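Since the structure comes first, as structure tokens, the remarks are kept for the end.
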Amino acid sequence: MSMQHTPYLLKVLSGSNAGALVRLKTGDTIIGKSMSSDIILHDENIADSHIKLRVEEEAINLDILAKPVLIDNKELELGAYPLKPYQVVSLGSIDFFVADVRKPGRRGVEARSSESVAPPIVKVTRPTETTPPASTLSSEPVEAKTKSRALGWTLLLAGLGLLVLANLLFLKPYLSGLAEQVGLSESAEQRAQELLKKLQPSDLTVVRDPDGRIAIAGYVQTRDDKRKLMNQALLAGNGINYRVWVREDLVANATQVARALGQNDLSFSNLEQGKLAAHGYVSDEADWAQIKTNIMSDVSGIQSIDDRSVQTLIKRKEALVQFIEKKGLSSRVKVTIENARIKVDGELTQNELKRWAALYDEFTQTNGTGPAIVESLYNV
Numbered sequence: 439m440s441m442q443h444t445p446y447l448l449k450v451l452s453g454s455n456a457g458a459l460v461r462l463k464t465g466d467t468i469i470g471k472s473m474s475s476d477i478i479l480h481d482e483n484i485a486d487s488h489i490k491l492r493v494e495e496e497a498i499n500l501d502i503l504a505k506p507v508l509i510d511n512k513e514l515e516l517g518a519y520p521l522k523p524y525q526v527v528s529l530g531s532i533d534f535f536v537a538d539v540r541k542p543g544r545r546g547v548e549a550r551s552s553e554s555v556a557p558p559i560v561k562v563t564r565p566t567e568t569t570p571p572a573s574t575l576s577s578e579p580v581e582a583k584t585k586s587r588a589l590g591w592t593l594l595l596a597g598l599g600l601l602v603l604a605n606l607l608f609l610k611p612y613l614s615g616l617a618e619q620v621g622l623s624e625s626a627e628q629r630a631q632e633l634l635k636k637l638q639p640s641d642l643t644v645v646r647d648p649d650g651r652i653a654i655a656g657y658v659q660t661r662d663d664k665r666k667l668m669n670q671a672l673l674a675g676n677g678i679n680y681r682v683w684v685r686e687d688l689v690a691n692a693t694q695v696a697r698a699l700g701q702n703d704l705s706f707s708n709l710e711q712g713k714l715a716a717h718g719y720v721s722d723e724a725d726w727a728q729i730k731t732n733i734m735s736d737v738s739g740i741q742s743i744d745d746r747s748v749q750t751l752i753k754r755k756e757a758l759v760q761f762i763e764k765k766g767l768s769s770r771v772k773v774t775i776e777n778a779r780i781k782v783d784g785e786l787t788q789n790e791l792k793r794w795a796a797l798y799d800e801f802t803q804t805n806g807t808g809p810a811i812v813e814s815l816y817n818v
């Protein structure tokens, strides 16, 4: 089957490529993060080949190759589904929809049909001419000449109409900007402000980027909040970018980075816009400095991390050594750090072994629960 352009436009609503438009062709279109995909989306939650769009002239089918995939905020299982124009598809943190330029968008944000309209038939009337009698001059050449001229005028008007239509489509962005400047239509900034007034979010603002474009930036609590915002944002029309982060994703992603670097005793919580608090224990200060640097560079949207509640195993080990000395057991109990764990070795009497659990509970009440320790205590 030959490939040809269709009236379908794929528009990216969020992510690093927000605002991008791709005209789809007939056939299969693979979307994923692999360089071999037809459309490449950059997100850690997107598979190499995540979905496949099977595009025909009158319909689009979506094959789910990997999860998760949501259509209009509903998560779907692996399989094939019909995709209607303007339904929002969510892959990871990236949202997009497919517009049909032949039909106005259900949210009123897409252009009208770009199909050319058949020009009107122009009738040409010729003035009455004095002609020889019918017996000496045939009327067939005159009729053919009249039809030829009428066809010529029709083609000329059709060409002019197509030229005007093409110029209007080309100049539409400039005309829209001019209309906003003179007050004939709302500017992108005004539309963004109106949207935030309706939603009344506490951590979203309207900003102007260095290139002059308007963006809604800030934080929401959950993914559902973000999807609701994006659905409402479609009503605001074009010309608005979005940089919106989900707080619960910031915590989950920061925790995932810490686990990947071998720190299982760290946890995170949200404080305010883009700021996290870190809690728990790390092997040493150098490891924590590296973990913090990795989190700040790998997790988009985190502006700072409060690490006042982070403790090192070395400090906890020192506190445990001092506690054991106070209890008079330092000569028979040794405290070390092995494989990122505090290890207690030694030989105690039967009564001391029975008291050890109560002694360690006393230590945790003063110094916090902390990571689990490895006990290697024997009956003397």
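Position one of the sequence shown corresponds to residue 439 (the working numbering), numbered consecutively onward. Every residue gets a Cβ at the ideal spot worked out from N, C-alpha and C, and that includes glycine. Values in this document were obtained by computation on a predicted structure and should not be read as measured data.
Judged by DSSP secondary structure, Tyr798 falls within the alpha helix (DSSP H) whose first and last residues are Gln788 to Asn805. Residue environment analysis places His488 among the buried positions, since at least 16 neighbouring C-beta atoms fall within 10 angstroms of its C-beta. Selection Thr774, Asn805 and Ile477 evaluated against Ser814 yields Thr774 as nearest (Cα-Cα).
For the options Arg746, Thr787 and Ala456, the alpha carbon positioned closest to that of Asp533 is the one of Ala456. Between Leu758 and Ala778, the C-beta gap is not smaller than 9 Å, which leaves the two residues out of contact. Less than 9 Å divides the Cβ of Val720 from the Cβ of Val748.
Nearest to Arg746 by alpha-carbon distance, out of Leu714, Ser735 and Gln728, is Leu714. Ser742 is bridged by DSSP to Lys713. Shown here, Gln701 sits in coil according to DSSP, grouped into three states, outside any helix or strand. Scanning Lys753, Arg661 and Leu447 for the CA closest to the CA of Val539 turns up Leu447. With a cutoff of 9 Å on beta-carbon distance, Leu704 and Ala698 are scored as not near each other.
Collapsing the DSSP output to three states places Val450 in a strand.
In the same chain as Gln670, and ignoring 5 residues on each side of it, no C-beta atom comes closer than 6 Å to its own. For the pair Ala653 and Asn679, the CB atoms are nearer than the 9 Å cut-off. In the DSSP assignment, Glu495 falls outside any alpha helix (DSSP H), carrying neither H nor E.
Distances from the CA of Ile468 to each of Asp481, Asp486, Leu459 and Arg461 were compared; the closest alpha carbon is that of Asp486. The alpha-carbon of Asp662 is positioned some 12 Å away from that of Asp687. Approximately 4 Å separates the beta-carbon atoms of Glu785 and Val818; this is inside 8 Å, confirming the contact.
9 Å or more divides the Cβ of Lys471 from the Cβ of Leu459. Of Asn511, Ala497, Leu514 and Pro506, the smallest CA-CA separation from Pro523 is found for Ala497.
Around the beta carbon of Arg461, fewer than 16 other beta carbons lie within 10 angstroms, which makes this residue exposed. Within its own chain, the residues whose Cβ lies closer than 8 Å to the Cβ of Thr693, once the five positions on either side in sequence are excluded, are Leu704, Ser705 and Phe706, listed in chain order. When the five nearest sequence neighbours on each side are left out, the beta carbons in the same chain lying within less than 6 Å of the beta carbon of Ser454 are those of His480, in order along the chain.
Under the three-state reduction of DSSP, Leu815 is assigned to strand.
In this structure, the alpha-carbon of Leu667 lies about 20 Å from that of Val689. In the three-state reduction of the DSSP assignment, Glu763 falls in the helix class, which pools H, G and I. Annotation for Glu723: the continuous alpha helix (DSSP H) segment containing it runs Glu723 to Asp736.
In the three-state scheme derived from DSSP, where H, G and I count as helix and E and B as strand, Asp649 is classed as coil.
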